[in-house]
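For what it's worth, UniProt numbering labels the leading residue of the sequence shown as 1, then goes sequentially. All residues carry an ideal CB built from backbone N, CA and C; glycine is no exception. Being a predicted model, the structure only gives us computed values, none of them experimental.
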Amino acid sequence: ELGMRPSKSAEDLTDGSYDDVLNAAQLQKLLYLLESTEDPVIIERALITLGNNAAFSVNQAIIRELGGIPIVGNKINHSNQSIKEKALNALNNLSVNVENQIKIKIYINQVCEDVFSGPLNSAVQLAGLRLLTNMTVTNDHQHMLHNYITDLFQVLLTGNGNTKVQVLKLLLNLSENPAMTEGLLHAQVDSSFLSLYDSHVAKEILLRVLTLFQNINNCLKIEGHLAVQPTFTEGSLFFLLHGEECAQKIKALVDHHDAEVKEKVLTIIPKI
């Protein structure tokens, strides 16, 4: 029966009603279309279809083998913000594959620039943050974000709830790696960061900032307090996390109404 199906044209494959998983030949058609057309509507639809198909592990490898990663990656420089977002979403799905990450890492600096210079809380910023989060699940490429850590905290403090959660997911990835501990602690962070440890803060944010504190403390132990104690300047994350105000705020959370928050605090307090 499948053999009797009429062959779909490349543009047919971008039709939102066509929701089958594409095979290698169809993916190749789609990539050719993406590379050859200037029509922003078709580009966006092709990126959506490609991104949806990149959610399947078998297609993550096929798209790489067809040379699709640079074709998608080139679209993150597009002037159309919606196309940029869809390209980032497609790269995000492709980045779940570790071999794909080797090819996607060349876009990390560009993605960082877009995330930190673009509109706050925009779809492009969130898509970029999601991609950076996927790219930092392992330690392999985390060092590429070293120069952007202060910017991450700036977006954390100024962004809305969704943006805060996404930045914290990324910071938590970095905080689990002892090689990133010194860079995190050196980051210049506004003192308003400590307000994230207030009891009224949303649970999904509060649990993550508590885990951030916990991870950094654990890494300090692994590193033997960073062996040679670096000089941390006032206004750095080190001063905020190891100051009296932070300790008092965390201790006050022992009476938090949420059992999960309370449990997390009780594991942290003995180490303060």
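Report task. May I have the straight-line CA-CA distance separating G93 from F213, to the nearest angstrom? Result -> According to the sequence provided, residue 93 is Asn. The question's Gly does not apply to it. One C-alpha to the other measures close to 29 Å.
Query raised in the report: Nearest to A90 by CA position, among N160, E113 and R130, is which residue?
Result: R130
Report task. Please list, in chain order, all residues of the same chain as A184 whose beta carbon is under 7 Å from its beta carbon, the five residues on each side excluded. Result -> In the sequence under discussion, the amino acid at residue 184 is Leu, which differs from the Ala named in the question. If we look at L184 and ignore the five residues flanking it on each side, its Cβ neighbours are I149, L174, S175, I216 and L237.
Query raised in the report: What do you get for N100, buried or exposed, if any count of 16 or more other CB atoms within 10 angstroms of its CB means buried?
Result: buried
Report task. Return the CA-CA distance between S79 and L194, expressed in angstroms with no decimal places. Result -> 37 Å
Query raised in the report: Would you say L88 and A46 are within 9 Å of each other, going by their C-beta atoms?
Result: no
Query raised in the report: Below 9 Å between beta carbons: does that hold for T233 and Q188?
Result: yes
Query - Proximity to V124 [Cα-Cα], best of M135, V111, T133 and Y107 - result: V111
Query raised in the report: With burial defined as no fewer than 16 other Cβ atoms inside 10 Å of the residue's Cβ, what is the status of G243: buried or exposed?
Result: exposed
Query raised in the report: What do you get for L2, buried or exposed, if any count of 16 or more other CB atoms within 10 angstroms of its CB means buried?
Result: Note that L2 has pLDDT 36, beneath the 50 cutoff, so the model's placement of it is unreliable and the number below is only indicative. Exposed, since its Cβ has fewer than 16 Cβ neighbours within 10 Å.
Query - T105 versus L132 - alpha carbon distance - result: First, the residue type needs correcting, since residue 105 is Lys and not Thr in the sequence shown. The straight-line gap from Cα to Cα measures roughly 9 Å.
Requested in this report: Measure the C-alpha to C-alpha separation of C246 and Y197 and round it to an integer number of angstroms.
Outcome: 8 Å
**Report entry** Residue from N23, I268 and K84 whose Cα sits closest to the Cα of residue 282
**Finding:** For the chain, the structure presents residues 1 to 272; residue 282 sits outside this window and is missing.
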